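Note sheet for the following structure.
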Amino acid sequence: MNSAKNALNQAKLTPNMGLKHRNTFGLDAIAELAYEITSAEQLPCLLKELRSQNPVWRVLGGGSNVILPNQLPGATLLMNIPGQEVCKSDEQNTWVSVGAGVNWHEFVAWTLEQNLPGLENLALIPGTVGAAPIQNIGAYGVEVGEYIDSVEAFDSVEQAFVTLSQAASQFAYRDSHFKRNPQRYIVTKVIFKFPKTWKPRLQYADLAKQFNHSNPLPSAKDIFSAVCQIRSQKLPDPNVIGNAGSFFQNPVVSNEQHEELLKQFPNLVSYPDSPGMHKLAAGWLIDQCGFKGQRLGPVGVYEKQALVLVNHGGANSTDILNLAKVIQEKVMKTFQVQLEIEPNIF
Ligand code: EPU
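Written out as structure tokens, the structure reads:
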């Protein structure tokens, strides 16, 4: 009995594992020690062992927001914890618990089948449920943090399981407490809270256009289908052409700088952000610099969306970062705005 239990608690180890099909950029990275994590119970022992041998480690979910080097030394934890279930319901809300390894888009589709609307604007985002709170994924006016009740994680500093509430997770634009503390938390489960009252969120231009004056209002499933359609038109399918979605964050500048830029560039695309600040559309800035469809060696700027860098085949992380640098320098020279890289550089 005990040995059976131990076997279950042991993460499967594969040395020198190729990760080309485990990162959406399609980079040919080799993980020195790849551990497949299928249960949270595997983590305390494994982390203790890794710590005693002192190797570096990192977690890889769907690999849709990472830039991998050719060689990943130490341990790579492949997050595969499964499971999704409705765990509680009262008059106002329904709570759902989901394993960190569950595919994000399949989870969103499942919530709609369960008649739990809310995440439809986030359809077709590549990656896993465990990665969603780390960068607080967002699209079409909705951010995942709004629907997260709590996040369960293994805290590698305290060597203990912890539950962080929505407030403790400190969600912000493409940011969270987890992202600000890299190498600390391994997200194992996310608890979502779906309010029973639901209203379509159509303020984002692409969706507003699609459902202009729709009567009756679209259902969550209608929005889900529309978002899938819009995303497939604008963003490259990573199964066809390697990419990591938006490569840069939309930069936030002071109102003064925004005013100055508007004088020079009356067509500037921007949105009011936190008080005193404006958010600029990085895609527009890059597009204006003439990068759309351009190539530098095996990498390039996607022809339909300048915010996305693509791997035309055989690229490595250096090729990607070289192109990123050329773009950052040109945008800085033209607009005096610093673009920050969005995916994690491992
Ligand atoms: N634009 C251009 N040229 C381009 C790209 C964009 O002029 O090549 C202009 C568009 O016309 C639009 C504005 O820039 O006026 C904004 O572009 P878009 O609507 O495509 O959205 P985005 O700011 O580029 C953000 C998220 C996406 C998310 C979409 C939809 C970030 C960094 N990106 O993109 O998230 O899907 O909004 O909500 O916030 C991701 O993070 O991987 C991602 C895809």
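Per numbering that gives the first Met the number 0, the very first residue in the sequence shown carries number 0; after that it's consecutive. All C-beta atoms, glycine included, are put in the ideal place defined by N, C-alpha and C. Remember, it's a predicted structure, so these values are computed and weren't measured experimentally.
Worksheet entry | Glu347 to Ser51 span [Cα, whole Å] | Coverage of the chain is limited to positions 0 through 345, which leaves residue 347 absent and any answer about it impossible.
Fill in: Span of the beta strand (DSSP E) around Gln83
Per DSSP, Gln83 belongs to the beta strand (DSSP E) from 83 to 88.
Worksheet item: Among all the DSSP beta bridges, which residues are the ones paired with Ser269?
Response: BP columns for Ser269 point to Leu279.
Worksheet entry | Buried/exposed call for Val300, threshold 16 Cβ in 10 Å | By the neighbour-count rule (16 or more Cβ atoms within 10 Å), Val300 is buried.
Worksheet item: In terms of alpha-carbon separation, which member of Gln202, Asp272, Lys195, Pro274 lies closest to Val95?
Response: The shortest Cα separation from Val95 among Gln202, Asp272, Lys195, Pro274 belongs to Lys195.
Discussion item. Do Asp154 and Arg183 have their beta-carbon atoms positioned less than 9 angstroms apart in this structure?
Written reply: Contact flag set, yes.
Discussion item. Less than 6 angstroms between C-beta atoms, sequence neighbours within five positions excluded: which residues of the same chain meet that for Glu119?
Written reply: Result list for Glu119: Ala219, Ile222, Phe223, in chain order.
Worksheet entry | CB of Ile80 within 9 angstroms of CB of Gly98, strictly | Their beta carbons are under 9 angstroms apart, which means Ile80 touches Gly98 by this criterion.
Practice prompt. For Asn249, verify whether its CB is less than 8 angstroms away from any heavy atom of ligand 1.
Written response: Checking the Cβ of Asn249 against ligand 1 gives yes.
Practice prompt. Look at the alpha carbon of Asp27 and the alpha carbon of Thr37, and state the distance between them as a whole number of angstroms.
Written response: The straight-line gap from Cα to Cα measures roughly 24 angstroms.
Discussion item. Below 8 angstroms, is the gap between the Cβ of Asp272 and the nearest heavy atom of ligand 1?
Written reply: Asp272: no, Cβ never under 8 angstroms from ligand 1.
Item to complete: Starting from Ile29, trace the beta strand (DSSP E) both ways and give me its first and last residue.
Response: Taken as a continuous stretch (DSSP letters only), the beta strand (DSSP E) holding Ile29 covers 29 to 36.
Worksheet item: For Tyr184, which beta-bridge partners are listed by DSSP?
Response: Tyr184 is bridged to Asp154.
Worksheet entry | Where the alpha helix (DSSP H) containing Phe223 begins and where it ends | Following the DSSP letters along the chain, one finds Phe223 inside the alpha helix (DSSP H) bounded by residues 219 to 233.
Practice prompt. Using only alpha-carbon positions, find the residue among Gln335, Ala280, Ser245 that is nearest to Ala323.
Written response: Cα-wise, what sits closest to Ala323 is Ser245.
Worksheet entry | Nonlocal neighbours in the same chain, by C-beta distance under 6 angstroms from Pro342, ignoring five residues either side | So the qualifying residues of the chain are Asn64, Val65, Ile66, Ala243.
Worksheet item: Can you find a heavy atom of ligand 1 that lies under 8 angstroms from the Cβ of Asn69?
Response: No, Cβ of Asn69 sits at least 8 angstroms from all heavy atoms of ligand 1.
Fill in: Three-state secondary structure assigned by DSSP to Lys291
Lys291: coil per DSSP, three-state reduction.
Worksheet item: I think Val101 touches Gln83, with their Cβ atoms under 8 angstroms apart; what is that distance to the nearest whole Å?
Response: At roughly 6 angstroms, the Cβ-Cβ gap stays under 8 angstroms, so Val101 and Gln83 are in contact.
Practice prompt. Report whether the distance from the Cβ of Ser245 to the nearest heavy atom of ligand 1 is below 8 angstroms.
Written response: Under cutoff, so the answer is yes.
Practice prompt. Taking only the alpha-carbon atoms, compute the straight-line gap between Gln228 and Lys19 and give it to the nearest angstrom.
Written response: Whole-angstrom Cα-Cα distance: 27 angstroms.
Discussion item. Does Phe24 come out as helix, strand or coil in the three-state DSSP assignment?
Written reply: It is coil, neither helix nor strand.
Practice prompt. Excluding the 5 residues preceding and the 5 following Leu354 in the sequence, name in chain order all residues of the same chain whose CB lies nearer than 7 angstroms to its CB.
Written response: An answer regarding residue 354 cannot be provided, because it is not within the stretch 0 to 345 covered by the chain.
Worksheet item: Less than 8 angstroms between the CB of Arg230 and some heavy atom of ligand 2, yes or no?
Response: Looking at this structure, you won't find ligand 2 anywhere; what it does contain is ligand 1.
Worksheet item: Which one of Val336, Met16, His311, Phe177 has the shortest CA to CA distance from Val252?
Response: Answer by Cα proximity: Val336.
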